[in-house]
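Report on the following structure.
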Amino acid sequence: MNKKDLNIQFAICISGQEYGDLEYWKLYRILPDKKASEVECLRVIDESGEDYLYPQNQFVLVELPEAVTFLGYYP
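4 is the number of the first residue of the sequence shown in the working numbering; add one for each residue after it.
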């Protein structure tokens with residue numbers, strides 16, 4: 004199984020000042036959500052540990068090495 008099979012994505016917050024549960028320059032896990040992307044949002048696991056929708060323009064998607072993404076994978 005590889006990262007593409009798991010669809011694991013990450014993004015860096017580039018403007019979290021309006022949202023109390025986001026930290027500027029922090030890396031966040033992004034969950035797949037087709038409906039969210041249709042309205043230009045990302046489903047993000049934030050500081051509360053829950054997933055919420057945030058505007059895409061608050062983040063930059065990043066690609067991490069496969070070994071790093073597997074460190075946080077718990078089946």
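Each residue gets a CB set at the ideal place from its N, CA and C atoms; glycine is no exception.
(1) Can you tell which of P58, R46, S51, P68 has its C-alpha closest to the C-alpha of E21?
(2) With a cut-off of 8 Å on the beta carbons, I'd call I48 and L34 a contact; round off their distance for me.
(3) For N69 and Q12, I'd like the C-alpha separation in whole angstroms.
(4) Enumerate in chain order the residues of its own chain whose CB-to-CB distance from N65 is below 8 Å, with the five nearest sequence positions on each side excluded.
(5) Just to confirm my understanding: we take C44, look at its own chain, exclude 5 residues before and 5 after, and list those with CB closer than 7 Å. What are they?
(6) How long is the line joining the alpha carbons of Q61 and V71, rounded to whole angstroms?
(7) Which two residues bound the contiguous alpha helix (DSSP H) that contains E66?
In short:
(1) P58
(2) 7 Å
(3) First, the residue type needs correcting, since residue 69 is Glu and not Asn in the sequence shown. Going by the C-alpha atoms only, they are around 11 Å apart.
(4) The sequence shown places Val at residue 65, rather than the Asn named in the question. Contacts found: F13, A14, I15, L30.
(5) L56, Y57, P58, Q59
(6) 23 Å
(7) Run containing E66: none; DSSP gives neither H nor E here.
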